[in-house]
Structures are given as C-alpha cells and as structure tokens.
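Below: one structure, written as structure tokens.
Protein chains: 2
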Amino acid sequence: MSTHLNSRPGSAGITQTKYYTFASPPNEVLLDSGERLGPITLAYETYGQLNADRSNAILALHALSGDAHAAGISADDNGVSAIEMGMGGDTGPQDNVDYRRLGWWDNMIGPGKAFDTGKYFIICSNVLGGCRGSTGPSSTNPATGRPYGLSFPVVTVGDMVRAQRHLIEHLGIRRLLAVSGGSMGGQQALAWTVAYPEMVRACIPIASSARLSAQGIAFNEVGRQAIMRDPNWRGGDYYGSEPPRGGLAVARMIGHITYLSEESMHQKFGRRLRQKERFGFDFSTDFEVESYLRHQGESFTQRFDANSYLYITKAIDYFDLANGHGSLVKALSGVQARFLLMSFSSDWLYPSSQSKEIVRALKICGKDVSYCEIKSSYGHDAFLLEAAIQTDLISSFLAHTLANG
Amino acid sequence: MSTHLNSRPGSAGITQTKYYTFASPPNEVLLDSGERLGPITLAYETYGQLNADRSNAILALHALSGDAHAAGISADDNGVSAIEMGMGGDTGPQDNVDYRRLGWWDNMIGPGKAFDTGKYFIICSNVLGGCRGSTGPSSTNPATGRPYGLSFPVVTVGDMVRAQRHLIEHLGIRRLLAVSGGSMGGQQALAWTVAYPEMVRACIPIASSARLSAQGIAFNEVGRQAIMRDPNWRGGDYYGSEPPRGGLAVARMIGHITYLSEESMHQKFGRRLRQKERFGFDFSTDFEVESYLRHQGESFTQRFDANSYLYITKAIDYFDLANGHGSLVKALSGVQARFLLMSFSSDWLYPSSQSKEIVRALKICGKDVSYCEIKSSYGHDAFLLEAAIQTDLISSFLAHTLANG
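Set out below in structure tokens:
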C-alpha cells in the first residue's frame, strides 16, 4: 500500500489547531473550587462543515492524555495519535502515513467513519488544565508572568465542560447533535447532558462511569505520588529546569497496565524475552512487556506536563455525576438527550457494571437509552481500537437522532 | 477482652529468630545465574516440636514482603505482621496484643490452627535475597567489607529453595511432611516438589501460579522503575546515605492495589473522604483510599530494603516451573507429593485460572491433587485473611497425609 498523506482514504485531511481565548479579567470564570480563573484559552480543531441550521455539530471529548487533535493529520506535527494515547493495538504502520501525526480518534472521525465528516461538524478541544494548547498549570499566570505550577486552581470535569460551552457558543452553536468520548471523555459527555440539558440532543459515553471507583482513585493516587515524590518535581515549580520525568514515566506505566487487559497483555507479550535467548540476570530489560512499558513511559514525558497529569487525574477522581444532586437518578432526571452507552467486556478500569449503573438510572428516569457491551480483549483501550463495531452502532444512532430532530 | 501477650489463645508464644550460616568459601553455592555465592545466612524461626522420627516438619514459605517471623509474638519486636504484610483485613486490635509483633501467618500457625503447633514442627525462613536477616543485597560482601548492593547476584525461586534445603538438612530433617505458602510462597512450595521430590510428602500452594503473567511482570517492573528512577537509589549503592524511600513507597502502593480486589476496596473505602466534608481542591489527601495507600507506602520504607524489593520481584518474574523441563506436565511428572491447591475468587493478581493450570498438569501426570476455589472478596490478600476455611481444608489434608505416611 502506498497512500499519500493528504489523500488517505477516510481521512479528515491536514488539520490545524485553533485557539479561543475568553474569560479575560474582570470576566473570569468561577470554578467549582470557588476560585476564579481567566483568561482561559482552549485549543481546538474542527472537522467537516457546519450545516446551514447549525444542527450537525458533535463535540468529541478526550481522555486523560488526549488533546484537540482528534482526527486527520496534524499540520503542526504535535498531535497525540491513538498509538501514543493508548496501546496502538494492531494499527501498525502498513503504509507510509506518519502515524504519530494522526489524531487520537482518527479511526472514528472522518469521511464515512462513525463520526462522518461528510455529514457532521465535529469539534474537539483540549481540556482546561491540559498541556496541549489549553490553559493549564504549565501556562503563564498573567498575574506573575511565570508558569502557574501548583498555583493553578484545581479544576473539575464540570469546569472543563463549562469552558467547552464558551467555545461552542463562540462557534455559533446553540445545540449539539451529540457529545461523545471514551473514559474521561465519556464523563465529560455525561456532565454535558446534566449541566446543559437543552444543548445536547444525544450522548455517547464509551467505557466510562458516573464516578470513579476506589481502585481507580488508588491507581491515580499512586501515579500522582510517583510524580510528587520525584525530587525534580520541586512542588510543581520545575518549569525552566529538569522536569520530573522519572515520576511521570512511572505514572504513565501504571496507567498503561490499567488500559490493557490481562488477556491482551498475554496475547501481545506473554513471557517473551526481549532480544535475548535467556534471562539476563540483571536489572536491564528481560521481558518484552518491560521494554514496552519503559518505552511508553519515556515517550510520554516528551509530550506531557507532569502537573497537568496531577490536575487531570484529580478531576477524574472528583468526578461524581451525583454530586450536588443527591443521587445519580436525580442528577439524570432532567436530561433531554437520548443515550447510547458502550462498554467492553475486558475493561477492568471502567468495567461494564459502571456503564450499567448509568443505564439503570436513565431507565428509572424514563429516558431513551441504548446500551451495548462489546466483546473485546483490548481492555479499556478498546474505545480507541474497536472501530468497526463502534462505527456500526454510532452511525445509525446519529442518523436516527438527526432524522428525529 | 484482655489477654496477656504470652498467653494469647492459640498463640505460638514468644518467638526468637535464629540464624544458620553455610556455603562459606570455598563451598559457595552455585546459583541459577552461574554465579557463586557464600557465605549465606538464613534467618529462621520454628514453632512446635519435632517428633521422634522427624516426620512432622512443615516448611512455611513467605511472599514478597514477609520474613522468618510467621507466627507468635516476636521477642525482637521487628517482625512483619499480617497487618503490615498485606491488607490487615478485619483483624483490628480488639485486645491488648501489639499486632505489629505478630507473625505474618499467625492466624494459621499455632495451637489448634491450620498448621497446628501441637502436632507439627513448623519452620519458616526469610528468603535468600531478603532483608530480614537472610543474606541479600543489603548484607556485607565479605570480599569488600561493604554492602553488596547491585553486586549481589540475581537469585531465583530455585536458588531460594536450594538455600532452604541446607537449612532443613541442618535441622536434621530428611523429609518434610509439607511445604506451603501463598503467592511467592506457593511458588517456592511448587519448586520444592520438583527440585526435591523425595523430600516432600505434601504441597499446599495457595493463591499461586506456575509462572507469573505478563500483567504480573508489568506491575513488578513498574515498581522496580519507581525505585531505580529515585535519585536516592544511586545505582543501588545507597547504604549509609538516604535510601530511595519515595520510589520504594510508590512500588509498595502499586503492590497494595494488586493485593486487594475492586470489591474489597469498594467495601473498605469506597469514595469516602478523609476527615473532611468536601473536596480539598488541592493535592493533599482527599479520599480515605489515598490516605491508606500513603500510609502503607510510608511504613513499608521503615522495614524493607529497596534493593531486596528489586531482587525478589525479579525472582518472581523469572519463576516458571516449566523452565528446564520443556513443559509444566514434564516438570511435574516426577513429583512424589500430594497436593492441595487453593485460590480465591476475587484474586486478580494470581487468578484461579493459574491454579487450575497446575491442577490440570498434575491430573495429567496422575498425581494426587485436590483443589478448592474459595469464594472471598479479599483479593490476593485472602491467603492472609481467610483463616477459617483454609484451616478446615489444611487440617484434614495434613492429618490424612500424616496418617498415610
């Protein structure tokens, strides 16, 4: 196969990240913490064309390590590909495309894909607190002229969503056809339907949950401890000096284990040794799985800010859709969207039981909800990899939503 | 309840750790790596009385963070209690016993317990490579007069077992009634039956496996990376200076998550906040599970050597009962012991499927094997906590073995 970068079948093409700044003083945003923040910049990309009545806009929402570059080939050469964001699975380089420049959901967004750019106008922005163009702890604090570091306020999924609403309104969109994302992206999608019920017609949370489990909090906390115990972290004030690469790499390695299933690790690595016939009897790399993890940890430190890792995992920990409502059922009672939820059989970080809890609450509220547990060995990463089955389900769900507007 | 330390019902009493040194030059031991090591000291304890024909000896084998103090109350005040070794479960201090001085398997070893000190002579030694009295990387290298550090040779579970055989022979025991342990202790028990078939009459591996999974290797590797990326590790040469506490604490926290089940974490912590009504919106402790993990990580650094953590996890990674035999069935074809295997329904680190694989291989070899999957929510830690059901199964199995000698 020999395909040109800009003519890749089904590709959203060459994309450029754009920036929108709002909440400049004295119009700072009020955060869930009670603190005020501004100005705020959101990095975002769009794919496809907004139709005349502005009814075909879909907001794609990224997970912990994603960014605004969800689809196509980045003109900036700084996107986070699906390979970097998750496991990469079987989508190896079978042609001359530079996969590092592909968007993290490129297999789901493009002409003829699940989020069909021939029909829909898709928006994706880097979250508030991130480090990929949106305002976060590595941004310059206008009050001091220096990076915020830990003086950046702790943000929540709710704060992320409120910031996105500013962007959506800036783009002239009053009502979104759909909001969708996997993992923390699914949590944002859920939060959208509760915070702005009149603005969301359909919600597609994938491999997500209404609240993080104790085990999920535990994994996030260990990742944070790895970063904060790295002497180079310096209380978050490491900009301009050596960043806490070791701690961030360890945090990323922990994360990666939780994104895969035991089955997928067994299939992909098993106990195979790395370029050797027998054990090395030292602490260099013996097993392929060790080499994989070290590489994932190392490469992550090239593109991600350790403080953003702290802030975004904290937002995930805090996320509980029932917060401020008393119960999940009460939280969902006012939503107007119809729902399509998906989970994956081997996902143990956001297991199917957590999606079913949301389905149950929506059913109790009498909402329109479909749910599919997809059989997959890919673990949590499946939302990045199982494109075919997700495409079937999402395509018809969106077409039906648009037709019944 | 008010019970005196030395009269605790079912207690093995006050115990004292002893030491046995062997393999002094020129009689060094040949290790699996091809390196030679000596002298070797093993720290050990014994409980109960060896009978006249020396037929009632049982070797108890500890897991990653255990030591020689398996039962009773340590006279040295430096044992590793079940509370410290694992989760601690529900065995809170309901009387005036100092639980930190109880042995790690005190609920299983003592008068009337699973390993009944009224009937059996139980031996437990700290593993080769450990840091609780046995020779390991923190020991003084006689050739240099300084701690070995990373110049200590990498050891295997096989090496640990060969060292234990020296101790068993030193104690005048030609044949063990049983070998038993959980997790890595179970792996040692299995290795005993293969290495010295004529010396083992019964084998009780609990929550164990014939080889570690790719996921298990991955978790161990991240723990090692946390230690080795801590600047205080200094290539393993940190003795006499500040040890890599941060890295070791993170490694221990990762381990702890894998020892618990999602269900037990949910029951024990859920999303409960730590001594506060609302989120702190900072990076101090919000959730109880965070506080628990930080405490576990911190206290572990008071009693464990970071290099030993590297060496012992490496031994677990390398462990594969089929090594050198071609297959698991071939490895087990020559064993003479009868087997009782147990696993726990919620253990995802050493899942039941791994015990079943051993049972299947033993059955193919026509060996005498019983297996029980115990329903428990405690995860991998269940081997330290589910005393009642294990006691029922082990008591009758041992009695039957002794009666049919």
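Those sequence lines, one after another, are chains A and B. In this text, residue positions in the first sequence follow our numbering: the first is 1299, and each later residue adds one. In this text, residue positions in the second sequence follow our numbering: the first is 1299, and each later residue adds one. Beta carbons: idealized from backbone N, C-alpha and C, even for Gly. Treat the numbers as computed from the prediction; the structure is a model and nothing was measured.
* To do: Using a Cβ cut-off of 7 Å (strictly closer), state whether residue 1695 (chain B) contacts chain A.
  => Here residue 1695 (chain B) corresponds to residue number 397 of the second sequence, with the count starting at 1. False, the Cβ-Cβ gap to chain A never drops below 7 Å.
* **Exposed unless 16 or more other CB atoms sit within 10 angstroms - verdict on residue 1690 (chain A)** => On the first sequence, position 392 is the one that residue 1690 (chain A) refers to. Result: exposed.
* Along chain B, which residues have their Cβ under 9 Å away from the Cβ of residue 1616 (chain A)? -> Along the first sequence, one-based indexing puts residue 1616 (chain A) at 318. Those within 9 Å of residue 1616 (chain A) in chain B are 1577, 1579 and 1584.
* Which one of B:1476, B:1535, B:1542 and B:1517 has the shortest CA to CA distance from residue 1554 (chain B)? -> Locating residue 1554 (chain B) in the second sequence gives position 256, where the first residue counts as 1. When only C-alpha atoms are compared, the closest one is B:1517.
* Taking C-beta pairs closer than 7 Å, name the residues in chain B that residue 1568 (chain A) reaches, listed in chain order. => Residue numbering aside, residue 1568 (chain A) sits at position 270 when the first sequence is read from its first letter. For a Cβ distance threshold of 7 Å, residue set 1512 of chain B lies close to residue 1568 (chain A), ordered along the chain.
* Asked: Rounded to whole angstroms, how far is the Cβ of residue 1362 (chain B) from the Cβ of residue 1610 (chain B), which I believe are closer than 8 Å?
  -> Working through the second sequence from its first residue, we reach residue 1362 (chain B) at position 64. Working through the second sequence from its first residue, we reach residue 1610 (chain B) at position 312. Confirmed, about 5 Å.
* To do: Would you list, in chain order, the members of the segment 1523-1538 of chain B that have their beta-carbon closer than 9 Å to a beta-carbon of chain A?
  => 1523, 1524, 1526, 1527, 1528, 1529, 1530 and 1534
* Helix, strand or coil for residue 1671 (chain A) per DSSP? -> Counting from one through the first sequence, the residue named residue 1671 (chain A) turns up at place 373. Per DSSP, reduced to three states, the secondary structure at residue 1671 (chain A) is strand.
* To do: May I ask you to list the residues that DSSP assigns as paired with residue 1586 (chain B)?
  => Numbered from its first residue, the second sequence carries residue 1586 (chain B) at position 288. DSSP, once it has assigned bridges, lists no residue as partnering residue 1586 (chain B).
* To do: Check the Cβ of residue 1261 (chain A) against every Cβ in chain B and list those closer than 7 Å, keeping chain order.
  => Residue 1261 (chain A) is absent from the structure shown; chain A starts at 1299 and stops at 1703.
* **Opposing strand residues paired with residue 1577 (chain A) [DSSP bridges]** => Start at 1 with the first residue of the first sequence, and residue 1577 (chain A) comes out as number 279. Paired residue(s): none; residue 1577 (chain A) is not in a bridge.
* Below-7 Å beta-carbon distance, residue 1458 (chain B) vs any chain A residue -> Residue numbering aside, residue 1458 (chain B) sits at position 160 when the second sequence is read from its first letter. Cβ-Cβ to chain A under 7 Å: no for residue 1458 (chain B).
* Where do the ends of the beta strand (DSSP E) carrying residue 1343 (chain A) lie? -> Counting from one through the first sequence, the residue named residue 1343 (chain A) turns up at place 45. 1338-1345 is the extent of the beta strand (DSSP E) around residue 1343 (chain A).
* To do: Quick one: which residues of the segment 1591-1605 of chain B get their C-beta closer than 8 Å to a C-beta of chain A? List them in chain order.
  => 1591, 1592 and 1595
* Asked: residue 1658 (chain B) lies in the alpha helix (DSSP H); which residues open and close that run?
  -> Translated into the one-based positions of the second sequence, residue 1658 (chain B) becomes position 360. Per DSSP, residue 1658 (chain B) is one residue of the alpha helix (DSSP H) stretching across 1650-1662.
* **Neighbouring residues, chain A, relative to residue 1544 (chain B) (Cβ below 7 Å)** => The count along the second sequence starts at 1 and reaches residue 1544 (chain B) at position 246. Going along chain A in sequence order, the residues near residue 1544 (chain B) (Cβ under 7 Å) are 1527.
* Curious, which full-length beta strand (DSSP E) runs of at least 3 residues does the segment 1615-1650 of chain B contain? -> Secondary structure remark: continuous beta strand (DSSP E) runs of at least 3 residues inside the segment 1615-1650 of chain B, in chain order: 1636-1642.
* Secondary structure of residue 1415 (chain B), DSSP reduced to three states -> Locating residue 1415 (chain B) in the second sequence gives position 117, where the first residue counts as 1. Residue 1415 (chain B) carries a coil assignment under DSSP once its states are collapsed to helix, strand and coil.
* Separation of residue 1638 (chain B) from residue 1500 (chain B), as counted between CA atoms -> Here residue 1500 (chain B) refers to the residue found at position 202 of the second sequence. Here residue 1638 (chain B) refers to the residue found at position 340 of the second sequence. Whole-angstrom Cα-Cα distance: 8 Å.
* Per-residue contacts from residue 1564 (chain A) into chain B (C-beta, under 9 Å) -> Within the first sequence, residue 1564 (chain A) is the residue found at index 266, counting from 1. Correct list: 1511, 1512 and 1513.
* Let me know the secondary structure DSSP gives residue 1613 (chain A) once reduced to three states. => Numbered from 1 along the first sequence, position 315 holds the residue referred to as residue 1613 (chain A). DSSP places residue 1613 (chain A) in helix when its eight states are reduced to three.
* To do: My understanding is that residue 1421 (chain A) touches residue 1475 (chain A), with C-beta atoms under 8 Å, so please give their C-beta distance in whole angstroms.
  => Locating residue 1421 (chain A) in the first sequence gives position 123, where the first residue counts as 1. Locating residue 1475 (chain A) in the first sequence gives position 177, where the first residue counts as 1. Actually they are not in contact, since the Cβ atoms of residue 1421 (chain A) and residue 1475 (chain A) sit about 11 Å apart, beyond 8 Å.
* Asked: Would you say residue 1516 (chain B) faces chain A, with C-beta separation under 7 Å as the test?
  -> To locate residue 1516 (chain B), count along the second sequence from 1; it is residue 218. Closer than 7 Å: yes.
* Asked: Between residue 1543 (chain B) and residue 1599 (chain B), is the Cβ-Cβ spacing less than 7 Å?
  -> Taking the first residue of the second sequence as position 1, residue 1543 (chain B) is located at position 245. Taking the first residue of the second sequence as position 1, residue 1599 (chain B) is located at position 301. Taking 7 Å as the Cβ cut-off, residue 1543 (chain B) and residue 1599 (chain B) qualify as a contacting pair.
* Asked: At least one CB of chain B closer than 7 Å to the CB of residue 1467 (chain A): is that the case?
  -> For the purposes of this step, residue 1467 (chain A) is taken as residue 169 along the first sequence, with counting starting at 1. No, because no Cβ of chain B sits closer than 7 Å to the Cβ of residue 1467 (chain A).
* Could you tell me which residues DSSP pairs with residue 1501 (chain A) in its beta bridges? => Here residue 1501 (chain A) is taken as the residue at index 203 of the first sequence, counted from 1. Answer is A:1477 and A:1637.
* Assigned secondary structure, residue 1665 (chain B) (DSSP; H/G/I helix, E/B strand, else coil) -> As a working mapping, residue 1665 (chain B) is identified with position 367 in the second sequence. Coil, per DSSP.
* **Where residue 1358 (chain A) sits in the DSSP three-state scheme** => By one-based count along the first sequence, residue 1358 (chain A) stands at place 60. Strand, per DSSP.
* Asked: What separation, rounded to the nearest whole angstrom, lies between the Cα atoms of residue 1390 (chain B) and residue 1603 (chain B)?
  -> Within the second sequence, the letter at position 92 stands for residue 1390 (chain B). Within the second sequence, the letter at position 305 stands for residue 1603 (chain B). Caution applies to residue 1390 (chain B), whose pLDDT of 40 falls short of 50 and renders its modelled position unreliable; the value that the coordinates give is listed next. Between residue 1390 (chain B) and residue 1603 (chain B), the alpha-carbon positions lie close to 26 Å from each other.
* To do: Output the distance between the C-alpha atoms of residue 1642 (chain A) and residue 1338 (chain A), rounded to the nearest integer angstrom.
  => Here the question's residue 1642 (chain A) lines up with position 344 in the first sequence. Here the question's residue 1338 (chain A) lines up with position 40 in the first sequence. Their Cα atoms are separated by approximately 35 Å.
* Asked: In chain B, which residues lie less than 7 Å from residue 1560 (chain A) when you measure between Cβ atoms?
  -> Indexing the first sequence from 1 puts residue 1560 (chain A) at position 262. Within 7 Å Cβ-Cβ: 1511 and 1513.
* Taking buried to mean at least 16 other C-beta atoms within 10 Å of its own C-beta, is residue 1491 (chain B) buried or exposed? -> Counting from 1 along the second sequence, the entry for residue 1491 (chain B) is found at position 193. Residue 1491 (chain B) should be labelled buried.
* Asked: Helix, strand or coil for residue 1681 (chain B) per DSSP?
  -> For this step, residue 1681 (chain B) is matched to residue 383 along the second sequence. Helix at residue 1681 (chain B).
* When the Cα atoms are used, what is the spatial distance from residue 1568 (chain B) to residue 1615 (chain A)? -> Position 270 of the second sequence, counted from the first residue, corresponds to residue 1568 (chain B). Position 317 of the first sequence, counted from the first residue, corresponds to residue 1615 (chain A). In a straight line, the C-alpha of residue 1568 (chain B) is about 12 Å away from that of residue 1615 (chain A).
* To do: Kindly give me the distance between the Cβ atoms of residue 1445 (chain A) and residue 1317 (chain A), rounded to whole angstroms, as I take these residues to be in contact under 8 Å.
  => Counted from its first residue, the first sequence places residue 1445 (chain A) at position 147. Counted from its first residue, the first sequence places residue 1317 (chain A) at position 19. With 8 Å as the limit, residue 1445 (chain A) and residue 1317 (chain A) do not qualify as a contact, their Cβ atoms being about 18 Å apart.
* Alpha-carbon to alpha-carbon, residue 1323 (chain A) and residue 1441 (chain A) -> For the purposes of this step, residue 1441 (chain A) is taken as residue 143 along the first sequence, with counting starting at 1. For the purposes of this step, residue 1323 (chain A) is taken as residue 25 along the first sequence, with counting starting at 1. One C-alpha to the other measures close to 11 Å.
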